[in-house]
Amino acid sequence: MVYVKKLPTKDFKWEEDPDYYKKVPKGRGCLIKCDLKYTDKCKKKTIKYPLAPEKTRPKKEDLSNYQLNLLGNKPLGNEEKLFLTGKTKKYIVHYEVLKDYIKLGMKVTKVYKTISFKESDWLAKYINFNTEQRTKSKSDFEKDLWKLMNNSFYGKTLEDIRGRSEIKLLTDREEVKNI
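Take the sequence shown: its letters are residues 1 to 179, numbered as in full-length UniProt numbering.
Structure, rendered in structure tokens:
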């Protein structure tokens, strides 16, 4: 689970060195915007599960013959989907994930930007405690409660509150004047 790993906390700064991701100091992490080249070696190793997923809208030229045959005369949807294409692409990736991609044969051809940050596993204790309590639980209710504690935290961190509105119903003229 990602929440027991080290997470960004503070001291965010842009790095000038394009090779920063190769020698990240202890206690720091980074995200890199780079071009990733999918080599033949990498394609062979990851044929069943390609690396570097991306959320994009499908295009007919990206579909295989099999997929085109399944599609037939139906229109291609315009919704964003998660694709694992095995293509060379511009990508934003955490340096630890990038290390794994490189081990599997991907090449970094260009680095555009790198942002570094201090990181720590500040949430691991909480997540591990809840998981431990869940395994010790005797009843389904307790198991569900401890599972919900972790799942709720995860859900709240993904929540987008920007599109929300606050509505107040006022019945007093004085309150209306004070808005």
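Glycine included, every Cβ here is placed at the ideal spot set by N, Cα and C. Please read all numbers here as calculations on a predicted model, not as lab measurements.
Check: Local conformation of TRP146 per DSSP, three classes; Outcome: helix
Check: LEU98 and ILE32 closer than 8 Å at C-beta; Outcome: yes
Check: Residue from ILE102, THR9 and VAL4 whose Cα sits closest to the Cα of LYS118; Outcome: THR9
Check: Start-to-end residues for the alpha helix (DSSP H) that takes in ILE167; Outcome: First-last for ILE167: undefined, no H or E at that position.
Check: Extent of the continuous alpha helix (DSSP H) run through THR135; Outcome: 124-136
Check: Cβ contact (3+ pairs, closer than 8 Å) linking the segment 17-34 and the segment 64-80; Outcome: no
Check: Residues sharing a beta bridge with LYS107, DSSP; Outcome: LYS37
Check: PRO50: CB within 7 Å of a non-hydrogen atom of the ligand NAP; Outcome: With respect to the ligand NAP, the structure offers nothing, as it holds no ligand at all.
Check: Supposed close pair LYS43, GLU80 - CB separation, criterion 8 Å; Outcome: With a Cβ gap of about 24 Å, LYS43 and GLU80 do not count as contacting.
Check: Closest residue to residue 181 among ARG164, LYS125 and LYS89 (Cα-Cα distance); Outcome: Summary: the structure shown does not reach residue 181, with the chain confined to residues 1 through 179, and so no result is reported for it.
Check: When ALA52, ASP100 and GLU166 are compared against LYS87, the one with the closest alpha-carbon; Outcome: ALA52
Check: Cβ of ASP100 within 8 Å of any chain B Cβ; Outcome: Of the chains in the structure shown, none is chain B; there is only one protein chain.
Check: Cβ-Cβ separation, ILE115 to CYS30 (assumed contact under 8 Å), whole Å; Outcome: 6 Å
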